[in-house]
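Down below is the structure, laid out as structure tokens.
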Amino acid sequence: MTTFFIGDTHFGHKNIINFEGVKPFRQFTSIEEHDEELVRRWNSVVRAGDTVWHLGDFAFGSKNIAVAGRLNGRKKLVLGNHDLYPSAEYLKYFEKLYGSAPLGEDTMLTHIPIHESQLERFKRNIHGHLHTNKVDDPRYVCVSCEQINLTPIALEELK
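When we follow the working numbering, the leftmost residue of the sequence shown carries the number 241, and every step to the right adds one.
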């Protein structure tokens, strides 16, 4: 069983394919094409027994949360700034919801990068939110879709 990470899928977010900051990574002609390709890429690497940490901004529109039912793996969600719907909607598909979550003793999982002072306790922060941007510090690892070819990335690949 493998542990994967991904963030900022933005399922159902029609404008995500128009934002200049996320091109050339999301060059789709429609949000339906975008969503189907993200489902295909997710399921191409994640198997039923794998765990996937989604690091926020899963979907726009509560009806679009249901796409999680088509995604392989045991899913955990660290809530992002756009994950605004009732918890019960997410918990139909995700095992648990988090504001942030430690991974072992040295890694913190968040949506938005943690403050540098927190890296005295945690040696690494795996996060989303930045899309095509990066923090110029190797202790920060951004798993926004654009950083990982729109495909969940295994923990071993991040090490």
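Heads up, the beta-carbon is just placed ideally off N, CA and C, and yes, glycines get one too.
Residue i, enclosing beta strand (DSSP E) - first and last residue
i    : result
Y338 : K336 to Y338
P342 : A341 to L343
M348 : T347 to L349
I246 : T243 to I246
N365 : R364 to H367
C385 : Element bounds for C385: n/a, residue is neither H nor E.
Length of the line joining the Cα atoms of residue i and residue j
i    : j    : result
T249 : S270 : 15 Å
L311 : T372 : 24 Å
E386 : P392 : 11 Å
K332 : K263 : 32 Å
N- and C-terminal bounds of the alpha helix (DSSP H) containing residue i
i    : result
Y325 : Taken as a continuous stretch (DSSP letters only), Y325 belongs to no alpha helix (DSSP H), as it is neither H nor E.
L398 : L395 to L398
Cβ-Cβ distance between residue i and residue j below 7 Å
i    : j    : result
G296 : G368 : yes
H274 : F268 : yes
Nearest-angstrom beta carbon gap, residue j and residue i [assumed within contact, 8 Å]
i    : j    : result
L319 : G339 : 6 Å
Problem set entry | Completely contained beta strand (DSSP E) runs for the region 283-313, where each covers 3 or more residues | Counting whole runs of 3 or more residues, the region 283-313 contains the beta strand (DSSP E) stretches 291-294.
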